[in-house]
Structure formats: structure tokens, C-alpha cells
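Structure first, commentary second.
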Amino acid sequence: DDVGFGGKDPLAGKYTWERNGLEVLVKAQLPDATQPRDVLAEFFPRRISVSVKGALLLSGTPAMDLDWEECYWDMNREEEMQDDPQAKLWLLIHLHKKDAEKVRWPDHLLMEHLELPDEEDENEAAGYS
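Under the working numbering, the residues of the sequence shown are numbered 1 to 129, in order.
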């Protein structure tokens, strides 16, 4: 099964992602005043781009081919506090894998992140292992 925590934005910490079987779910907290019209998302088989209020959130080459016509995004408040005015607003980006039943998403969300050292590598290099 391709399920479980995937990782977080290695550059700015703006999002986290997890494996949910047929899809990868990317989750980013939004400012409370964000409206759907503030989100611009483009999905292609080998490229994704998502910005909020003109600021780039996620852009690059997915670590595997997408079933791009099935990819989408939505906005939601934390489920357990739906009516709580303090509940955080989240952008949920659903990336559907091409040939999802046969493949597992790699350990990185975007190909551009493949070259970046992960936290374990950084700690090892600094002598903290």
C-alpha cells in the first residue's frame, strides 16, 4: 500500500504531503481571508504549479507521472473544529498518480527536490548522527 506521511516542503516549509493510495495529498495552511479566486493551479502530466494570491506555493516536475485530468484542489477548515472561528484554513492539493495501482510515489514530491539533502543527511554532515 502506498499510504503514509511523505514529507514536507524542503525549501520553505510551506506544505506537507502524504501518500493516500491512488493519490498524493499536499496540505498547506492558508491565511483566513483567502478566497477560492486567490488560488491558481495548473496540472499537467509532468508539471504542476500552484500559487496563492500571486505567491508561488508549489511548482515543478512531479516525482512521477500524474493522471492530470483527475488532479484538483479544494479549501477546507480543520474537520474537528468546523464551526470554530479559530479553526485553520487549509489548501488541499490532490495529485492523482498515473497507473496508481502499480506504482509507489518516491520519497520526494518533486524531481527538483531529489538533489536537495534531507534533514538526516544534513545532521550527518554536521556530525550529529
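Just so it is clear, CB atoms sit at the ideal spot from N, CA and C, and this is done for glycine as well.
Which listed residue (the options) has its alpha carbon closest to that of residue i
i: Ala63; options: Lys8, His108, Asn76 and Leu91; result: His108
i: Pro106; options: Glu23, Leu11 and Tyr15; result: Glu23
i: Ala55; options: Phe5, Leu30 and Phe44; result: Leu30
i: Trp90; options: Lys97, Leu40 and Arg77; result: Arg77
i: His94; options: Ala28, Thr34 and Asp1; result: Ala28
i: Asp1; options: His113, Lys14, Ala100 and Glu70; result: Ala100
i: Tyr15; options: Arg47, Gln35, Ser51 and Pro36; result: Ser51
Distance, residue j Cα to residue i Cα
i: Tyr72; j: Gly21; result: 16 Å
i: Leu57; j: Ser49; result: 8 Å
i: Lys8; j: Val26; result: 9 Å
i: Arg104; j: Glu42; result: 23 Å
i: Leu40; j: Ser59; result: 11 Å
i: Arg19; j: Ala87; result: 24 Å
i: Pro36; j: Leu114; result: 31 Å
i: Gly13; j: Glu112; result: 15 Å
i: Pro10; j: Glu69; result: 27 Å
Residues that DSSP places opposite residue i in a beta bridge
i: Met111; result: Met111 pairs with nothing; no bridge assigned.
i: Pro62; result: Leu110
i: Leu56; result: Ser51
i: Gly130; result: Residue 130 lies beyond the range of the chain shown here (1 to 129); nothing can be said about it.
i: Trp153; result: The first residue shown for the chain is 1 and the last is 129, placing residue 153 beyond what the model contains.
i: Asp74; result: Leu92
i: Val39; result: Val52
i: Leu30; result: Leu89
Anticipated Cβ contact below 8 Å, residue i with residue j, distance rounded
i: Ala53; j: Asp38; result: What sits at residue 53 in the sequence shown is Lys, not Ala. So it is a contact: roughly 5 Å between Cβ atoms.
i: Asp65; j: Pro45; result: 5 Å
i: Thr61; j: Leu110; result: 6 Å
i: Gly4; j: Trp17; result: Gly4 to Trp17, Cβ: 11 Å. No contact.
i: Lys97; j: Asp67; result: 7 Å
Residue i CB to nearest heavy atom of the ligand FMN below 6 Å
i: Trp73; result: In terms of ligand content, the structure shown is empty, and the ligand FMN therefore cannot be addressed.
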